[in-house]
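Heads up: the structure comes next, in structure tokens.
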Amino acid sequence: MSQKAPAIAANTLAAIGQTPLVHLNKVVRPDSADVFVKLEYYNPTGSYKDRMALAMIEEAERSGALQPGMTVVECTGGSTGTSLAFVCAVKGYRMQIVTSDAFAKEKLQTMRAFGADLVIVPSLGGKITPDLIPTMRERARELAQRPDAFFTDQINNPSSKKGYKLIGEEILEQLGRPIDAFCGGVGTAGMLMGVSTALRAAGQATRIVALEPASAPLLSKGQPGSHRVEGIAIGIVPPLLAKDFYDEARAVDETDARQMARRLAKEEGIFAGISSGLNIAAAVQLAQELGPGHTVVTVACDSGMKYLAGDLYDA
1 MSQKAPAIAA NTLAAIGQTP LVHLNKVVRP DSADVFVKLE YYNPTGSYKD RMALAMIEEA
61 ERSGALQPGM TVVECTGGST GTSLAFVCAV KGYRMQIVTS DAFAKEKLQT MRAFGADLVI
121 VPSLGGKITP DLIPTMRERA RELAQRPDAF FTDQINNPSS KKGYKLIGEE ILEQLGRPID
181 AFCGGVGTAG MLMGVSTALR AAGQATRIVA LEPASAPLLS KGQPGSHRVE GIAIGIVPPL
241 LAKDFYDEAR AVDETDARQM ARRLAKEEGI FAGISSGLNI AAAVQLAQEL GPGHTVVTVA
301 CDSGMKYLAG DLYDA
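In full-length UniProt numbering, the protein residues as written are 1 to 315.
Below you can see the structure in the form of structure tokens.
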């Protein structure tokens, strides 16, 4: 049976959101809870960051902080930069991004493809070290001192939660049943806080689990560290992370995250990145702990297409 085609969109920004929610069938043991994954790589740039980028830009326009002819400035490891560059391209703003060679080459190329001007901060051995993001942020602040610049400041910008809150609202509408646990990696914490806000507003008694790499357990053990999971564990406790809106911080081994990403492609047909592998590895673990009759939900943050130049899919 053919599905009804979506209505014509006014522009590509209207294609953001309303992504599929799928049930995992092969990577979850039979004696576990059901695991559902929101496939956020169905957004226009292949990442859930499209939601955040649109929310931050449109809120800045409403407040008058962003005016026609201004340049948008941000520091980012890739997906946020791509999403902001995409939104700015559609809306007609210039985009300047402070980034690093620690992040996937494909992400940097995609930002440039959308017209962004990149400022590259060198990394130590290609790793995301505790001081890399603060260094990038300081450079972005310097660039944003110009009178014609607007700094989106994703780490501190509460508008990002509004964009991500829609993920939670869509999950509630799609699933139509109680959600026992939701887990997600923490970078700026906008996604986890936005989804948590939506679930709690709906009266859900959902266990919210914040995730991070085991080699950088800042939230769970107070110990920063180096890792290679792009988009999360930024070296500081993000200002948007409110203790009242999550129940547990859990560290996931990066090897498990990479193995899960490969399994998802080969067994479930889900082609996603490392942070998605981390999210789903944790969701599968939670499902085993909760057992049958329960429900665990997480997100596939972005597409595996962004990681083909690295070693994620070499094995």
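Heads up, the beta-carbon is just placed ideally off N, CA and C, and yes, glycines get one too.
Only a predicted model underlies this, so the values are computations on that prediction, with no experimental measurement involved.
Thr71 is positioned such that its CB atom lies closer than 9 Å to that of Ala149. Checking the DSSP bridge columns, you'll see Glu248 partnered with Val209. DSSP assignment within the stretch 62 to 106 yields the following whole alpha helix (DSSP H) runs of 4 residues or more, N-terminal first: 79 to 91. Close CB contacts of Ile133 within its chain, under the 6 Å cut and outside five residues either way in sequence, are with Ile234, Gly235 (chain order). Residue Ala300 holds the alpha-carbon nearest to the alpha-carbon of Ile270 among Ala300, Val296, Met136. In chain order, Phe150 place their CB closer than 7 Å to the CB of Ala65, counting only its own chain and leaving out the 5 sequence neighbours on each side.
Apart from sequence neighbours up to five positions away, the residues of its chain that approach Asp247 with a beta-carbon distance below 6 Å are Arg207, Ile208, ordered along the chain. Ser47 carries a strand assignment under DSSP once its states are collapsed to helix, strand and coil.
The straight-line gap separating the alpha-carbon atoms of Leu308 and Ala265 is approximately 13 Å. Using a Cβ-Cβ distance cut-off of 8 Å, the stretch 222 to 229 and the stretch 91 to 98 are not in contact, since fewer than three pairs of beta carbons, one from each stretch, lie closer than that value. When DSSP assignments are scanned along the stretch 161 to 236, the uninterrupted stretches of alpha helix (DSSP H) that are 4 or more residues long and fall wholly within it turn out to be 190 to 201, 218 to 221. Relative to Lys306, the option among Asp256, Glu289, Val229 whose CA is nearest is Val229. CA-to-CA, the gap between Met111 and Glu169 works out to about 29 Å. Less than 9 Å separates the beta-carbon of Ala214 from that of Val252.
Nearest in C-alpha terms to Arg250, of all of Leu286, Pro238, Ser276, Gly46, is Leu286. With contacts defined as CB atoms closer than 9 Å, Ala216 and Pro130 qualify as a contacting pair. Assigned with DSSP and collapsed to three states, Ser32 falls in coil, not helix or strand. Minimum Cα-Cα distance from Tyr164 among the listed residues Asp50, Leu39, Thr152 corresponds to Asp50. Residue range 21 to 23 is occupied by the beta strand (DSSP E) that includes Leu21. Membership of Asp256 in any beta strand (DSSP E) is not indicated; the residue belongs instead to the alpha helix (DSSP H) covering 254 to 263. Going by DSSP, Val284 is part of the alpha helix (DSSP H) stretching over 274 to 290.
Sequence-distant Cβ neighbours of Arg200 in its own chain, meaning closer than 8 Å and more than five residues away, are Thr206, Phe245. Closest in alpha carbon position to Ser32, among Asp180, Gly194, Gln288, is Gln288.
9 Å or more divides the Cβ of Arg258 from the Cβ of Leu211. Per DSSP, Leu240 is not a residue of any beta strand (DSSP E), being assigned neither H nor E.
Of the candidates Gly291, Val90, Lys161, Val90 places its Cα closest to the Cα of Leu13. Inclusion of Asp34 and His294 in the CB contact set at 9 Å is warranted, their separation being smaller than that value. The DSSP assignment places 132 to 143 as complete runs of the alpha helix (DSSP H) inside the stretch 128 to 162, in order along the chain (cut-off: 4 residues). Judged by DSSP in its simplified three-state form, Leu108 adopts helix. In the displayed model, Leu118 falls within a strand according to three-state DSSP. Closest by C-alpha distance to Gly187, out of Gly115, Gly78, Gly46, is Gly78. Taking Lys26 as reference, the option from Glu267, Gly291, Ala281, Ile274 with the minimal CA-CA separation is Glu267. When beta bridges are read from the DSSP output, Asp302 appears opposite Ser47.
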